[in-house]
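Colleague: Just passing along the structure, written as structure tokens.
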Amino acid sequence: MERARAVLLLGVMWVAGAAAANVREMELPVFTDVTEQAGIKFKHSYGDFEMSNIVEAAGYGACFFDYNGDGFQDVYFPNGRWRKDINDNRGRELRDKLSNALYRNNGDGTFTDVTAQAGVGGDDMAFGCSAADFDNDGDLDLYVLNYSANEFYRNDGDGTFTNITGRSGLGDTHWSLNAPWLDYNNDGLLDVYVCNYLEYDAGKFRNFYAASGHPGPLSYHGQPDTLFRNNGDGTFTDVTREAGVYNPEGRCMSATAADINNDGLLDIYVANDAMENYYYENTGKGTFVEKGASLGLAFGENGQGVSSMGPLVGDVDRDGWPDIFIPDMSYSTLLVKRGEFYDDLTTRSKLAVACGQYTGWGGNLVDYDNDGYLDLYIANGHALHEFTQEALLMWNTHKPGVEFLDVSADSGDYFHQKYVGRGTAAADYDNDGDTDILVCNLNDRARLLRNDGGNRNNWLTVEVKRPNGKTDAIGARVTVQVGDLRQIDDVVAVEGYLSQADPRLHFGLGKATKADLVEIRWPGGKVQQFKNVPANQFFKVVQDARQ
């Protein structure tokens, strides 16, 4: 029996080695850590010197957004604070020394810290962030998700922001983690879904296994998320109950919006901690219906509730239907549309073998080699201790049925180092035609990973704008056809764990020198098509006011 097992193991190792050798022959891109040369000096702190509770362990994400409209993606980092109801007394020396940070992209591969100039340093322990043009004036406003009251900053269009939290009504006082924007009622104004986590008790609960470090999520009551409707006058109204998305005991780690059922309306997928996930299907009547369990979207493999982190939506098998990947504390979860329901392909796709040895948090479904298929980056780190882990890069093999191959070892020095990873954000920060990745490491330096070699294949980046030519057309569906390969993506930037990605939609074209068809389904349902679009460009399309 032992000999048989040894032969089987050798066979598996030989197959994996052969596959890896084939990948190396294809000259896949590598990621280079350019944090130092880019001038990004931000270092995260949870407001203390030793992690001792679930609030400190949650970490942070980052937000890519072009706040000054110069065509380059800038980046915002939330940061922790010392709070007497969360941190130990030893951390008091950090009081008033920690700040969130805004880095302006200079367009030459470097960034400049403009936090003080912009006025967005923040006042509370922050975790996530998102940006959207809530007032349709052509620039992106900034929402920061905090332990107590959230902060909302209006972009003044001159490089500065004004805190309008009080007037706007967006100062949600729950412990908030992320906030995807969507026009759920199709009135032309962006609404926002605020993901709230749990009710921390300032360390009162002490009945836990000491070796675990601190109590887990089931030791606390969950909190309801909040859906805020944009009133069009600079204010928002809580419509959570009337919209059908009220769940008082949710433990939302992150949420995202996408047209998951292909009906032209943005739905909401909520990843919860240590319980079932929610899928809110948009009815088109200003309400949602929760269908997670009935469609196979509520649980991980074998039906267990897992500690879900940051959900990602993308068509991994290129069948025209969005699929969902969620990193977690187990083997992660890949839910692929099969007929009327979703099938868990985590094991069959080879993701379970790679992910099972880590705790996954942030991730990105990106076509990093521009071959037309979505690959997967995952940031890993222990949940209860500051135990470091390697990141994962899983290459989509294009095989029928979905299969990924772990190419981390051959993808750059960063993958041979260990961090306590949390949020990640993807963007083509240098506008060179391939997708780069920003990694948020707990109580450590954030790391910018430049994609080197992804643009050896051809690509097309589609910018979809509202009639003013500046505001992203959130909710639009873009389809790119190259031969028999059909790719889809939705204009919704908030994805993954506590983070926001480049809102410009990036499509790999392989060796094709043009896209045979680019189709845009605008919010509201009107369709616009472009044929024979040349590759290797940022293709900007502005919505006709009549559409």
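Each step along the sequence shown adds one to the number in the numbering used here, with nothing skipped, and position 14 is -4. Note that CB positions come from ideal geometry on N, CA and C, so glycine has one too.
(1) I need the boundaries of the alpha helix (DSSP H) containing Gln525, first residue and last residue.
(2) Comparing the C-beta of Asp484 with each C-beta of chain D, is any distance below 9 Å?
(3) Let's see if you can read the secondary structure: which residues bound the alpha helix (DSSP H) around Gly274?
(4) What whole-angstrom Cβ distance do Ala407 and Phe46 have, given they're in contact under 8 Å?
(5) If you drop the 5 nearest sequence neighbours on each side, which residues of the same chain put their C-beta closer than 7 Å to that of Val12?
(6) Please report the straight-line C-alpha distance between Asp105 and Leu375, rounded to a whole angstrom.
(7) In angstroms, rounded to a whole number, what distance separates the CA positions of Gly246 and Arg503?
(8) Closest by CA to Gln19, which one among Lys400, Arg74, Asp165, Thr94?
(9) Taking all protein chains shown into account, do 16 or more other C-beta atoms lie within 10 angstroms of the C-beta of Ser331, making it buried, or fewer, making it exposed?
(10) Please state the DSSP three-state secondary structure of Asn71.
(11) Quick check on DSSP: helix, strand or coil for Asn264?
(12) Cβ atoms of Leu127 and Ala113: under 9 Å apart, would you say?
(13) Please state if the CB of Thr17 and the CB of Ala428 are separated by a distance shorter than 9 Å.
(14) For Ile308, which residues from the same chain have a beta carbon less than 6 Å from its beta carbon, with the 5 sequence-adjacent residues on both sides left out?
(15) What residue range is occupied by the uninterrupted alpha helix (DSSP H) comprising Arg149?
(16) Tell me where the alpha helix (DSSP H) around Leu333 begins and ends.
(17) Excluding the 5 residues flanking Leu180 on each side, which residues of the same chain have their C-beta closer than 7 Å to its C-beta?
(18) Work out the CA separation of Ala391 and Asp138 for me, nearest whole Å.
(19) For Ser34, does the three-state DSSP call read helix, strand or coil?
(20) If I follow the unbroken beta strand (DSSP E) through Ala253, where does it start and stop?
(21) Taking only runs that begin and end inside the segment 145 to 232, name each unbroken beta strand (DSSP E) of 3 or more residues, in chain order.
(22) By the 10 Å Cβ neighbour count, where 16 or more other Cβ atoms means buried, how is Ala3 classified, buried or exposed?
(23) Do Gly53 and Gly29 have their CB atoms nearer than 9 Å?
(24) Find the nearest neighbour of Gly457 within the set Asn264, Val176, Leu84, judged by alpha-carbon distance.
(25) Please state the DSSP three-state secondary structure of Glu133.
(26) Under 8 Å by Cβ, that's how I've got Asp297 and Pro304 pegged, so tell me the actual separation to the nearest angstrom.
(27) For Pro162 and Gln519, what's the separation of their Cα atoms in angstroms?
(28) May I ask you to list the residues that DSSP assigns as paired with Leu611?
(29) Under a three-way DSSP split, which group does His488 fall into?
(30) Between which two residues does the alpha helix (DSSP H) harbouring Gln399 extend?
(31) Measure the alpha-carbon distance for Ala225 versus Asp207 and round it to whole angstroms.
(32) Please identify the residue among Gln399, Met235, Gln525 whose C-alpha is closest to the C-alpha of Arg459.
(33) Hey, could you find the ends of the beta strand (DSSP E) Thr14 is sitting in?
(34) Looking at C-beta atoms only, is the number of pairs between the segment 472 to 490 and the segment 438 to 450 that lie closer than 8 Å three or more?
(35) Would you check if there are 3 or more beta carbon pairs closer than 8 Å linking the segment 324 to 340 to the segment 372 to 386?
(36) Is Tyr182 near Asn35, with beta carbons less than 9 Å apart?
Modeller: Put simply:
(1) In the sequence shown, counting from the first residue as 1, residue 525 sits at position 543. Note, Gln525: premise wrong, no alpha helix (DSSP H); not H, not E.
(2) Of the protein chains in this structure there is only one, and it is not chain D.
(3) What you label residue 274 is simply residue 292 of the sequence shown in a count that begins at 1. Unbroken alpha helix (DSSP H) run through Gly274: 274 to 277.
(4) For the purposes of this step, residue 407 is identified with residue 425 of the sequence shown, where counting begins at 1. For the purposes of this step, residue 46 is identified with residue 64 of the sequence shown, where counting begins at 1. Confirmed, about 5 Å.
(5) For this step, residue 12 is matched to residue 30 along the sequence shown. Correct list, in chain order: Ser393, Gly394, Asp434, Gly435.
(6) Against the sequence shown, residue 105 aligns to sequence position 123. Against the sequence shown, residue 375 aligns to sequence position 393. Using only the alpha carbons, I get a separation of about 36 Å.
(7) Numbered from its first residue, the sequence shown carries residue 246 at position 264. Numbered from its first residue, the sequence shown carries residue 503 at position 521. Answer to the nearest angstrom: the Cα atoms are 8 Å apart.
(8) Here residue 19 is taken as the residue at index 37 of the sequence shown, counted from 1. Nearest of Lys400, Arg74, Asp165, Thr94 to Gln19, Cα basis: Thr94.
(9) Position 349 of the sequence shown, counted from the start, is the residue given in the question as residue 331. Under this definition Ser331 is a buried residue.
(10) The count along the sequence shown starts at 1 and reaches residue 71 at position 89. Here Asn71 sits in helix by DSSP.
(11) Indexing the sequence shown from 1 puts residue 264 at position 282. DSSP places Asn264 in strand when its eight states are reduced to three.
(12) Your numbering for residue 113 matches position 131 in the sequence shown. Your numbering for residue 127 matches position 145 in the sequence shown. For Ala113 and Leu127, no; Cβs fall outside 9 Å.
(13) Counted from its first residue, the sequence shown places residue 428 at position 446. Counted from its first residue, the sequence shown places residue 17 at position 35. A contact, by the Cβ cut-off of 9 Å.
(14) Sequence index remark: in the sequence shown, residue 308 carries index 326 (1-based). If we look at Ile308 and ignore the five residues flanking it on each side, its Cβ neighbours are Ala253, Ser290, Pro293, Thr315.
(15) Sequence index remark: in the sequence shown, residue 149 carries index 167 (1-based). Looking at the DSSP string, the run of the alpha helix (DSSP H) that includes Arg149 is 147 to 150.
(16) Here the question's residue 333 lines up with position 351 in the sequence shown. It spans 333 to 337 - the alpha helix (DSSP H) in which Leu333 sits, taken as one unbroken run.
(17) The residue labelled residue 180 in the question sits at position 198 within the sequence shown. Excluding residues within five positions, the ones whose Cβ falls inside 7 Å are Trp157, Pro199, Tyr202, His203, Gly204, Gln205, Arg233.
(18) In the sequence shown, counting from the first residue as 1, residue 138 sits at position 156. In the sequence shown, counting from the first residue as 1, residue 391 sits at position 409. Going by the C-alpha atoms only, they are around 45 Å apart.
(19) As a position in the sequence shown, residue 34 is number 52, starting the count at 1. In the three-state reduction of the DSSP assignment, Ser34 falls in the coil class, being assigned neither a helical nor a strand state.
(20) The residue you call residue 253 lines up with position 271 of the sequence shown. Looking at the DSSP string, the run of the beta strand (DSSP E) that includes Ala253 is 249 to 254.
(21) 158 to 160, 173 to 178, 208 to 212, 218 to 220
(22) By 1-based counting over the sequence shown, the position of residue 3 is 21. Low local confidence applies: a pLDDT of 46 at Ala3 is under 50, so the model's placement there is unreliable, with the coordinate-based value given in what follows. Exposed.
(23) The residue you call residue 53 lines up with position 71 of the sequence shown. The residue you call residue 29 lines up with position 47 of the sequence shown. Cβ atoms of Gly53 and Gly29: not closer than 9 Å.
(24) Stepping through the sequence shown from its first residue, residue 457 is reached at position 475. Checked all of Asn264, Val176, Leu84; the closest Cα to Gly457 is Asn264.
(25) As a working mapping, residue 133 is identified with position 151 in the sequence shown. DSSP, reduced to helix, strand and coil, places Glu133 within a strand of the structure shown.
(26) If you number the sequence shown from 1, residue 297 lands on position 315. If you number the sequence shown from 1, residue 304 lands on position 322. Confirmed, about 6 Å.
(27) For the purposes of this step, residue 162 is identified with residue 180 of the sequence shown, where counting begins at 1. For the purposes of this step, residue 519 is identified with residue 537 of the sequence shown, where counting begins at 1. Using only the alpha carbons, I get a separation of about 28 Å.
(28) Lying outside -17 to 529, the shown extent of the chain, residue 611 is not represented and no answer is given.
(29) Start at 1 with the first residue of the sequence shown, and residue 488 comes out as number 506. The three-state secondary structure of His488, taken from DSSP, is strand.
(30) Locating residue 399 in the sequence shown gives position 417, where the first residue counts as 1. Run containing Gln399: none; DSSP gives neither H nor E here.
(31) For the purposes of this step, residue 225 is taken as the residue at position 243 of the sequence shown. For the purposes of this step, residue 207 is taken as the residue at position 225 of the sequence shown. Spanning the two alpha carbons is a distance of roughly 12 Å.
(32) Here residue 459 is taken as the residue at index 477 of the sequence shown, counted from 1. When each option's Cα is compared against that of Arg459, the closest is Gln525.
(33) Residue 14 sits at position 32 when you count from the first residue of the sequence shown. Here the beta strand (DSSP E) through Thr14 covers 12 to 15.
(34) Cβ pair count under 8 Å is three or more, so yes.
(35) yes
(36) Looking up residue 182 in the sequence shown gives position 200. Looking up residue 35 in the sequence shown gives position 53. In this structure, Asn35 lies closer than 9 Å to Tyr182 by Cβ.
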